[in-house]
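For the sequence shown, the tail end lands on 470 under full-length UniProt numbering, and the numbers increase by one without skipping.
Every residue gets a Cβ at the ideal spot worked out from N, C-alpha and C, and that includes glycine.
Reviewing the structure listed below.
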Amino acid sequence: MSGSANGASAGAAHVVMLPWLAFGHITPFAQLARKLVSADGGGVRVTFLTAAGNVPRVEAMLAPSAAGAVVVVPLHLPHVPGLDAGASSTAELSADGAELLKVALDGTRPQVAALLAELRPVAVIMDFATPWVYDIAAPLGLKALHLSVFSATAGAFNCVPARRLHGPHPSAHDLRSAPAGFPEGSSVATIPAYQAADLTYLFTSFDGKPCVYDRVLASIEACHGIVMKTCAEMEGSYIDYLSGQFGKPVLLAGPVVPEPPQGELEDQWENWLSAFPDKAVVLASFGSETFLPVAAATELLLGLEATGRPFLAVFNFPRGADTEAELQARVPLGFMERVKGRGRVHVGWVQQQHILRHRSVGCFLNHGGFSSVVEGLVAGCRLVLLPMKGDQYLNAALFARDLRVGVEVARRDEDGWFGRGDVADAVAAAMADGGDGDVRKWREFLTDDAVQMRFTDEFVRQLKEHVMET
């Protein structure tokens, strides 16, 4: 394989990227790659490493703006007992399958070592799952950066050295409180019991392998700096806390704003949505890797029905699941007849950005994924946040309480249960006069081309200062 990239100068600084094999990670890496190669003055080209099965989708993400300056190189995952032979990302994998995928990615270490020795980039941008990249890069004289795809709020709460004060396995009780030295007055100084219980996963080892927390800390402590897709305007105090905890520079790439969607909305959705008034429809969607349990999905649907509004609910299920049976378990008896004409339930991918930007869509009920919230903001939708796991809980608090751009669905503290009335109430609050909070302010901020260019140019300047010219 050659180290050159079509459309990039032979003397351009060369960066290699290796994200974790989840599209919630791959997508931000691809977005950052586009930023690097589009900065004023250019001078950066990227080699993007991912499992072979992901290559076509990653190339599609990069086209057309970055196609010439980014080369996507396939990694061939070794066989791991228990892991589906065709698995190349966590999409549609169970939680156990995702753990096995980490083992498979670890098995690509010889391939990564050979590529880095051949390519000799100036820097490697890696993810939490592969702290061993530093062990390869250091003897070659390559600088390594850790890209966190999570919000600074989530990173500061979950994965900092101060968490070690409770030992290697903090309890759910320990995790209810923020770590020592956390920013004063934070909206997440304490969290509900059900959220803390979920976060214990970060400290759980599977089959003797390093837990997520250990991988994150090993990656950050070995690297030369931390890259984050956020900005001081949104998360300044949490960024400062992270930098102080690790004693590392934090390079800010700015929040990633999606490019306008290409092509046209499919006729089935265009025709259906066009039948409703402006800003009437609620879109409920939870991303490709958040799977709602039966009871949660049922209450969500009944809550959407109770709003009296037209709605589209989108679900996804793990790979290999019986989709029809899973959906039947979640849709209440008689539900589809009652909402006929104003409510639809869909399984699988939809043109989310197109739908969010349709004139009839006014509310986006989502899981609190950082990228999803930004998509909703940019589209001008009112936001309802129903986080289901991990960093989503912290994101929801950041957006709803600190930035005032959404309404959280009320939950029971001990187990996170919510009912149909809680969903309907949250939608009503979001759609009421004044329910948009500071949506307009942050939409204008995120869609300001000058602001976005400043983020990109400043990030490239920092990258050169801390890595390329040191």
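Residue(s) in a DSSP beta bridge with residue i
i	result
residue 408	385
residue 346	314
residue 48	17 and 72
residue 143	123
residue 148	228
residue 284	313 and 365
Run of the alpha helix (DSSP H) containing residue i, from where it starts to where it stops
i	result
residue 323	323-330
residue 370	370-379
residue 27	23-38
residue 456	449-463
residue 90	Neither: residue 90 is in no alpha helix (DSSP H) and is coded neither H nor E.
residue 395	391-397
residue 337	335-338
residue 430	420-431
residue 443	439-446
Close-in-space but distant-in-sequence residues of the same chain around residue i (CB under 8 Å, 5 per side omitted)
i	result
residue 438	403, 404 and 405
residue 464	13
residue 281	273, 309, 310, 311, 312, 358, 360, 361, 362 and 363
residue 22	89, 90, 91, 98 and 289
residue 107	77, 78 and 80
Chain-order list of residues whose beta-carbon lies under 6 Å from that of residue i (same chain, five-residue window excluded)
i	result
residue 254	231 and 455
residue 458	none
residue 460	39
residue 344	312
residue 26	19
residue 172	196, 197 and 200
residue 205	211
residue 236	none
Same chain, Cβ closer than 7 Å to residue i, five either side skipped, listed in chain order
i	result
residue 216	128 and 159
residue 98	90
residue 276	310 and 360
residue 162	179, 180, 181 and 245
residue 165	180
residue 33	17, 46, 48, 62, 66 and 70
residue 119	3, 14, 16 and 47
Limits of the unbroken beta strand (DSSP E) element including residue i
i	result
residue 366	361-366
residue 354	Element bounds for residue 354: not the beta strand (DSSP E) but the alpha helix (DSSP H), 352-356.
residue 15	13-18
Closest Cα partner of residue i within the set the options
i	options	result
residue 278	358, 238 and 337	358
residue 472	85, 209, 140 and 155	Only positions 1 to 470 of the chain appear in this structure, which leaves residue 472 out of reach.
residue 174	185, 186, 183 and 193	193
residue 130	436, 300, 222 and 450	222
Within-7 Å CB hit, residue i to chain D
i	result
residue 83	Absent here is chain D; the protein component of the structure consists of one chain.
Practice item. For the segment 168-230, list the alpha helix (DSSP H) runs that are entirely contained and at least 4 residues long, ordered along the chain. Key: If we require 4 residues or more, the alpha helix (DSSP H) runs fully inside the segment 168-230 come out as 193-199 and 212-222.
Point to revise | Complete alpha helix (DSSP H) runs within the segment 109-141 (minimum length 4 residues, chain order) | key: 109-119 and 132-137
Check your understanding: Counting only runs that start and end within the segment 234-282, where is the beta strand (DSSP E) found for 3 or more residues in a row?
Key -> 250-252
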